[in-house]
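Peer 1: After the structure tokens below, expect a handful of questions from me.
There are 2 protein chains.
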Amino acid sequence: MAGSGELFVDLVRVETRLWNAVDVRLRAEHGLRLGQYDLLTVIAGRHECRVLDLVHEVAITVGAASKAVDRLVEAGWCRRVANPADGRSSFLELTPSGVSALSGARRTYEEEIARWTSRLLSPGALEELANALRTIRAALEAEQRP
Amino acid sequence: MAGSGELFVDLVRVETRLWNAVDVRLRAEHGLRLGQYDLLTVIAGRHECRVLDLVHEVAITVGAASKAVDRLVEAGWCRRVANPADGRSSFLELTPSGVSALSGARRTYEEEIARWTSRLLSPGALEELANALRTIRAALEAEQRP
DNA sequence: TATTGTTATACTCTATAACTATA
DNA sequence: TATAGTTATAGAGTATAACAATA
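Protein chains in written order, with UniProt numbering: chain Z, 1 to 146; chain C, 1 to 146.
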């Protein structure tokens with residue numbers, strides 16, 4: 001049990017610094033924040049994505065998600081379309097501009113992450129890391145699921 | 001190179017959810033936020049800790065660090081003492097109340113993190129994960145060093 | 001002139017909760 | 001009554017920059 005705390009500190013520091021490194025490049029080269037890139041990717045990857053789906057996937061509050069979507073809409077990358085089955089919610093869809101912003105940013109995103117992962121670790125160590133993170137993520141989401 | 005993006009998303013989700021899980025328990029059981037626990041640990045672990053040392057260790061801005069220290073002082077966990085060698089900066093020190101808050105919180109912190117790491121992965125997988133994170137952290141800090 | 005730290009502005013996110021509309 | 005989402009408040013973070021004090 002001792003030592004897990006150090007592991008967590010390393011996890012937090014890596015996440016913070018890697019997030020910042022990717023964010024700096026996305027903002028400079030594509031005018032897109034990493035948080036927005038993240039949301040656009042979730043919207044693109046779900047069939048009928050609602051605000052609450054973003055909340056559960058990204059683990060932010062409903063209010064923050066609602067305002068973040070406002071900013072995506074304002075930037076022209078996303079729109080709300082009526083949900084015919086439930087008048088309380090809308091489905092979120094990328095606009096053509098959103099699709100193109102996302103695909104332009106993806107190259108930078110993958111490249112910067114690869115600099116600190118696949119170019120730094122052996123294929124075996126990378127695979128182990130990916131497996132461990134998947135395992136922990138699944139356990140956390142199983143318990144924290146609403 | 002493809003697939004590193006997924007790894008990063010898992011890293012971010014694990015960090016967010018694990019941070020939240022620990023933060024909830026620390027606030028409920030010890031009246032301490034995880035961000036404050038983190039700063040107090042850094043201060044406790046450095047001989048003559050200045051505000052700029054927090055900035056470099058935790059990767060926050062100078063303004064945020066200065067205000068965070070104000071709140072630690074206000075809570076009675078920390079004090080600024082004059083730096084005799086440099087009148088521009090102070091050394092940060094834990095008060096007895098800060099030392100006891102930290103040691104009380106440490107048990108909860110280690111226990112909650114262990115739930116999602118050492119109790120979830122084999123000793124070998126845990127060791128691999130710790131090594132990978134240490135490697136990536138060292139590389140990021142070497143490049144981002146001020 | 002450069003460094004350390006404080007302070008200020010504007011924006012984003014947090015927790016929390018009131019509120020509307022719909023199921 | 002419960003759920004989906006919007007809106008509002010206060011507190012804490014971000015970026016950015018002006019600023020004071022000291023090196």
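Backbone N, C-alpha and C define an ideal beta-carbon position, used for all residues, glycine too.
Can you grab the Cα-Cα spacing for the pair M1 (chain Z) / I136 (chain Z), in whole Å?
Peer 2: Along the first sequence, read from residue 1 onward, the residue named residue 1 (chain Z) stands at position 1. Along the first sequence, read from residue 1 onward, the residue named residue 136 (chain Z) stands at position 136. Confidence is the limiting factor: at M1 (chain Z) the pLDDT is only 46, short of 50, which leaves the residue's position unreliable, though a coordinate-based value still follows. Straight-line Cα distance between these residues: approximately 16 Å.
Peer 1: Assign S4 (chain Z) to buried or exposed, taking buried as 16 or more other Cβ atoms, counted over all protein chains shown, within 10 Å of its Cβ.
Peer 2: Working through the first sequence from its first residue, we reach residue 4 (chain Z) at position 4. Counting Cβ neighbours within 10 Å, S4 (chain Z) comes out buried, since at least 16 surround it.
Peer 1: Which residues bound the alpha helix (DSSP H) around S118 (chain C)?
Peer 2: As a first step, residue 118 (chain C) must be located in the second sequence, where it is residue number 118. Element bounds for S118 (chain C): n/a, residue is neither H nor E.
Peer 1: Around the Cβ of G124 (chain C), are there at least 16 other Cβ atoms within 10 angstroms (buried) or fewer (exposed)?
Peer 2: Against the second sequence, residue 124 (chain C) aligns to sequence position 124. When all chains shown are included, G124 (chain C) counts as exposed.
Peer 1: How big is the Cα-Cα spacing for P84 (chain Z) and L54 (chain Z)?
Peer 2: Position 84 of the first sequence holds residue 84 (chain Z). Position 54 of the first sequence holds residue 54 (chain Z). So the alpha carbons of these two residues sit roughly 20 Å apart.
Peer 1: For L133 (chain Z) and E141 (chain Z), I'd like the C-alpha separation in whole angstroms.
Peer 2: The residue given as residue 133 (chain Z) occupies position 133 in the first sequence. The residue given as residue 141 (chain Z) occupies position 141 in the first sequence. Each residue's alpha carbon lies about 12 Å from the other.
Peer 1: Any idea what DSSP makes of S90 (chain C), helix, strand or coil?
Peer 2: As a working mapping, residue 90 (chain C) is identified with position 90 in the second sequence. The answer is strand: DSSP assigns S90 (chain C) an E or B state.
Peer 1: For chain C, check one thing: does any of its Cβ atoms lie closer than 9 Å to the Cβ of E128 (chain Z)?
Peer 2: Against the first sequence, residue 128 (chain Z) aligns to sequence position 128. Taking Cβ atoms only, chain C reaches closer than 9 Å to E128 (chain Z), which makes this a yes.
Peer 1: Is it buried or exposed, D38 (chain Z), if we count other Cβ atoms within 10 angstroms and call 16 or more buried?
Peer 2: Start at 1 with the first residue of the first sequence, and residue 38 (chain Z) comes out as number 38. Per the 10 Å Cβ criterion, buried.
Peer 1: What separation, rounded to the nearest whole angstrom, lies between the Cα atoms of E93 (chain Z) and D86 (chain Z)?
Peer 2: Along the first sequence, one-based indexing puts residue 93 (chain Z) at 93. Along the first sequence, one-based indexing puts residue 86 (chain Z) at 86. One C-alpha to the other measures close to 16 Å.
Peer 1: Counting only beta-carbon separations shorter than 9 Å, does residue 170 (chain Z) have a partner in chain C?
Peer 2: This structure does not reach residue 170 (chain Z), given that chain Z is present from 1 up to 146, and the question cannot be answered.
Peer 1: With distances taken from CA atoms, which of Z:G45, Z:R25, Z:S97 is nearest E112 (chain Z)?
Peer 2: Here residue 112 (chain Z) is taken as the residue at index 112 of the first sequence, counted from 1. Checked all of Z:G45, Z:R25, Z:S97; the closest Cα to E112 (chain Z) is Z:R25.
Peer 1: Measure the C-alpha to C-alpha separation of I43 (chain C) and C49 (chain C) and round it to an integer number of angstroms.
Peer 2: In the second sequence, residue 43 (chain C) corresponds to position 43, counting from 1. In the second sequence, residue 49 (chain C) corresponds to position 49, counting from 1. Rounded to the nearest angstrom, the two C-alpha atoms are 6 Å apart.
Peer 1: Can you pull the chain Z residues whose beta carbon is under 7 Å from the beta carbon of Q144 (chain C), in chain order?
Peer 2: What you label residue 144 (chain C) is simply residue 144 of the second sequence in a count that begins at 1. Residues of chain Z passing the Cβ test: R17.
Peer 1: What residue range does the alpha helix (DSSP H) around A68 (chain Z) cover?
Peer 2: Numbered from its first residue, the first sequence carries residue 68 (chain Z) at position 68. Looking at the DSSP string, the run of the alpha helix (DSSP H) that includes A68 (chain Z) is 62-74.
Peer 1: Assuming V51 (chain Z) and V62 (chain Z) make a contact with CB atoms under 8 Å, what is their CB distance in whole Å?
Peer 2: Counted from its first residue, the first sequence places residue 51 (chain Z) at position 51. Counted from its first residue, the first sequence places residue 62 (chain Z) at position 62. Here V51 (chain Z) really is in contact with V62 (chain Z); their C-beta atoms are around 7 Å apart, less than 8 Å.
Peer 1: Does the CB of V99 (chain Z) have a neighbour CB from chain C at under 9 Å?
Peer 2: Position 99 of the first sequence, counting from 1, holds the residue named residue 99 (chain Z). Chain C contact via Cβ: absent.
Peer 1: Thinking C-alpha only, which one of Z:W116, Z:S122, Z:E143 is nearest L11 (chain C)?
Peer 2: As a first step, residue 11 (chain C) must be located in the second sequence, where it is residue number 11. Ranking Z:W116, Z:S122, Z:E143 by Cα distance to L11 (chain C) puts Z:W116 first.
Peer 1: Short of 8 Å in beta carbon distance, which residues of its chain neighbour S100 (chain C), apart from the five on each side in sequence? Order them along the chain.
Peer 2: Walking along the second sequence from the start, residue 100 (chain C) turns up at place 100. Cβ neighbours of S100 (chain C) beyond the five flanking positions: none.
Peer 1: At 7 Å on the CB atoms, spell out the chain C contacts of N20 (chain Z), in chain order.
Peer 2: Taking the first residue of the first sequence as 1, we reach residue 20 (chain Z) at position 20. Per Cβ cutoff of 7 Å: A59.
Peer 1: Which chain Z residues are close to S89 (chain C), counting only those with a beta carbon under 7 Å from its beta carbon?
Peer 2: Residue numbering aside, residue 89 (chain C) sits at position 89 when the second sequence is read from its first letter. Among the residues of chain Z, none has a CB under 7 Å from the CB of S89 (chain C); the nearest is roughly 23 Å distant.
Peer 1: State the Cα-Cα distance for the pair A105 (chain C) and T95 (chain Z), rounded to the nearest angstrom.
Peer 2: Position 105 of the second sequence, counted from the start, is the residue given in the question as residue 105 (chain C). Position 95 of the first sequence, counted from the start, is the residue given in the question as residue 95 (chain Z). Rounded to the nearest angstrom, the two C-alpha atoms are 47 Å apart.
Peer 1: Taking C-beta pairs closer than 8 Å, name the residues in chain Z that residue 235 (chain C) reaches, listed in chain order.
Peer 2: The structure shown does not extend to residue 235 (chain C), since chain C spans only 1 to 146, so no value can be given for it.
Peer 1: In whole angstroms, what is the alpha-carbon distance linking A82 (chain C) and S103 (chain Z)?
Peer 2: The residue given as residue 82 (chain C) occupies position 82 in the second sequence. The residue given as residue 103 (chain Z) occupies position 103 in the first sequence. Looking at the two C-alpha atoms, the distance is approximately 53 Å.
Peer 1: DSSP on A59 (chain C), reduced to helix/strand/coil?
Peer 2: Within the second sequence, the letter at position 59 stands for residue 59 (chain C). A59 (chain C) falls in the coil class under three-state DSSP.
Peer 1: Looking at E15 (chain Z) and E15 (chain C), is the spacing between their C-beta atoms short of 9 Å?
Peer 2: Walking along the second sequence from the start, residue 15 (chain C) turns up at place 15. Walking along the first sequence from the start, residue 15 (chain Z) turns up at place 15. Cβ atoms of E15 (chain C) and E15 (chain Z): closer than 9 Å.
Peer 1: Check the DSSP bridge columns for A82 (chain Z) and list the partner residues they point to.
Peer 2: As a working note, residue 82 (chain Z) is residue 82 in the first sequence. Z:S90, per the DSSP bridge assignment.
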